[in-house]
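So the sequence shown is numbered by the numbering used here: it starts at 1301 and just counts up by one.
Glycine is no exception: its CB is placed at the ideal position from the N, C-alpha and C atoms.
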Amino acid sequence: MLKKTIWLLLSTILIASCDITKKRNMEVAATGNDWYLKKYMYSDGNSNRYIFSKNGFEYFPVSPAESSSGIYDGGRHIKKLPALKQFYELVDIIKASYEATADYIQKRELGTGLIEVRGEDNKLINTWILKYNSDSQKKLEAKLKLMKGVP
1301 MLKKTIWLLL STILIASCDI TKKRNMEVAA TGNDWYLKKY MYSDGNSNRY
1351 IFSKNGFEYF PVSPAESSSG IYDGGRHIKK LPALKQFYEL VDIIKASYEA
1401 TADYIQKREL GTGLIEVRGE DNKLINTWIL KYNSDSQKKL EAKLKLMKGV
1451 P
């Protein structure tokens, strides 16, 4: 009986999450904005990574053992489903950073930010590096901090 109840509960959760994903996909497609259909990865100046798309946001922090100083701790892993409005705002900042070519740098250096854009098939479309402390980097990292839920 308990197994049957657990199976029913898990099935209900799976079906509900599929419906949420389907609804989000339709809502994003209805915007007509191709940028909202892509997947993104941002690596900040400390090499913490943020991976996000219309269906999720994930933060992979650097541990002290992985940091260049051996002391820096990026915090805890975060995985969540943000509101689409937050996702749109984040992608709009990414797009603006793409258009702000004066904020680019050719070689990845300490403090710079790396952006990767991928298609829905996960194939790499584009990549660029933001200069340390550029306007684009400041805006992007401020929004990512809000997305993580850090004031």
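Contact between the segment 1403-1422 and the segment 1358-1365 is not established, with fewer than three Cβ pairs separated by less than 8 Å.
Within the segment 1352-1419, the complete beta strand (DSSP E) segments of 3 residues or longer fall at 1356-1360, 1378-1380 and 1413-1418, listed in chain order. For the pair E1366 and I1425, the Cα-to-Cα distance works out to about 28 Å.
By the criterion of a C-beta distance shorter than 8 Å, I1378 is surrounded in its chain by F1357, E1358, Y1359, K1448 and G1449, once the five residues flanking it on both sides are discounted. With contacts defined by Cβ atoms closer than 9 Å, Y1342 and K1354 do not form a contacting pair. In this structure L1390 does not touch R1324 by the C-beta definition: roughly 15 Å separates them, more than the 8 Å allowed.
The alpha-carbon separation between V1328 and Y1340 amounts to approximately 15 Å. Of the other Cβ atoms in all chains shown, fewer than 16 fall within 10 Å of the Cβ of I1320; this residue is therefore exposed.
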